[in-house]
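In my numbering, the protein residues as written are 9 to 203. Here is the structure we will look at, set down as structure tokens.
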Amino acid sequence: MSSKKQNVLNIISNLFALVVQFGINFFVVPRIVGDFGTEAVGYVNISFDIVSYFSVFTVVFNSVAGRFISLEINRGNIKKADDYFNSVILANMILSAVVSLVGIIFIPNIDRFIKVSAIYLKDVKITFLITWLTFIVNMMTSVFTVGTYVKNKLDANALRNIISYLIRLAAIVILFAFLPVKIYFLPVATFISTV
């Protein structure tokens with residue numbers, strides 16, 4: 009496939025993945041708001057936002073590492089690319105350990121850091137725990153997407169994202185259909201789709 013066609017396919021695939029993700033959020037959030045109110049959804053959003061702040065560091069680190077890995081592969085220096093790749097995996101493991109320690113301190117004492125209604129405290133702790141675990145899984149596996157950049161096959165990454173979003177949707181439908189609604193259903197579905 010020509011480079012121009014591949015770029016078009018990459019853009020279309022990523023736009024489709026974005027539409028799928030938006031569609032899921034568009035239909036799921038109103039259901040949670042209807043069952044719990046805006047306060048409960050706010051806790052879910054805060055958990056995702058806090059993890060997003062940590063994600064900035066890992067995205068920057070893995071993007072820079074991906075650039076160096078890509079350069080070495082395109083130069084034909086596979087050994088050096090492997091060294092970079094293994095270094096990134098080790099660094100991600102260390103970062104995961106640090107983030108885990110922060111979570112061990114933060115999550116059990118969450119009501120000391122943010123105001124949480126007593127009726128939601130247990131669910132909020134579960135929400136943050138699951139969101140934290142999802143972030144750690146993402147951090148540990150993010151370096152593996154560098155291959156799609158090296159080979160200009162971003163459509164493969166978008167396809168993986170679409171499949172992940174559809175798994176997330178299926179998990180949400182199953183959770184909402186068969187269990188009493190909880191505010192941590194979105195993080196649970198996100199964790200399942202991430203794994």
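The beta carbon of each residue, even a glycine, is placed where N, CA and C say it ideally should be.
query: Considering only the alpha carbon of each residue, which of Ser55, Asn169 and Gly74 lies closest to Lys88?; result: Gly74
query: Taking just the CA atoms, how far does Asp43 sit from Val96?; result: 43 Å
query: From Val122 to Asp57, what does the alpha carbon distance come to, in whole angstroms?; result: The amino acid at residue 122 is misidentified as Val; the sequence shows Ile. If I take the Cα positions, the gap works out to 13 Å.
query: May I ask you to verify whether the region 15–28 touches the region 162–181, counting CB pairs closer than 8 Å and requiring at least 3?; result: yes
query: Would the region 106–122 and the region 31–39 be scored as touching if the rule is three or more Cβ pairs under 8 Å?; result: no
query: Do you know offhand how far Val64's Cα is from Val145's?; result: 15 Å
query: Below 8 Å, can you find three or more Cβ-Cβ pairs linking the region 178–188 to the region 128–137?; result: no
query: Is it buried or exposed, Met147, if we count other Cβ atoms within 10 angstroms and call 16 or more buried?; result: buried
query: Quick check: what's the CA-CA separation for Ser104 versus Val203?; result: 16 Å
query: Taking C-alpha atoms, which residue in Asn15, Lys13, Ile200 and Lys12 lies nearest to Ile138?; result: Ile200
query: Counting along the chain, where does the alpha helix (DSSP H) carrying Phe69 start and finish?; result: Thr46 to Asn82
query: Around the Cβ of Phe152, are there at least 16 other Cβ atoms within 10 angstroms (buried) or fewer (exposed)?; result: exposed
query: Under 6 Å Cβ to Cβ from Phe69, same chain only, skipping five residues before and after it: list those, please.; result: none
query: Could you give the residue range of the alpha helix (DSSP H) that holds Asn169?; result: Leu162 to Phe186
query: Once the 5 residues before and after Asn82 are set aside, which same chain residues still bring their CB inside 8 Å of it?; result: Val158
query: Any idea what DSSP makes of Tyr1, helix, strand or coil?; result: Any answer about residue 1 is impossible in this case: the structure gives the chain only from 9 up to 203.
query: Going straight from the alpha carbon of Phe62 to that of Lys190, what length do you get?; result: 25 Å
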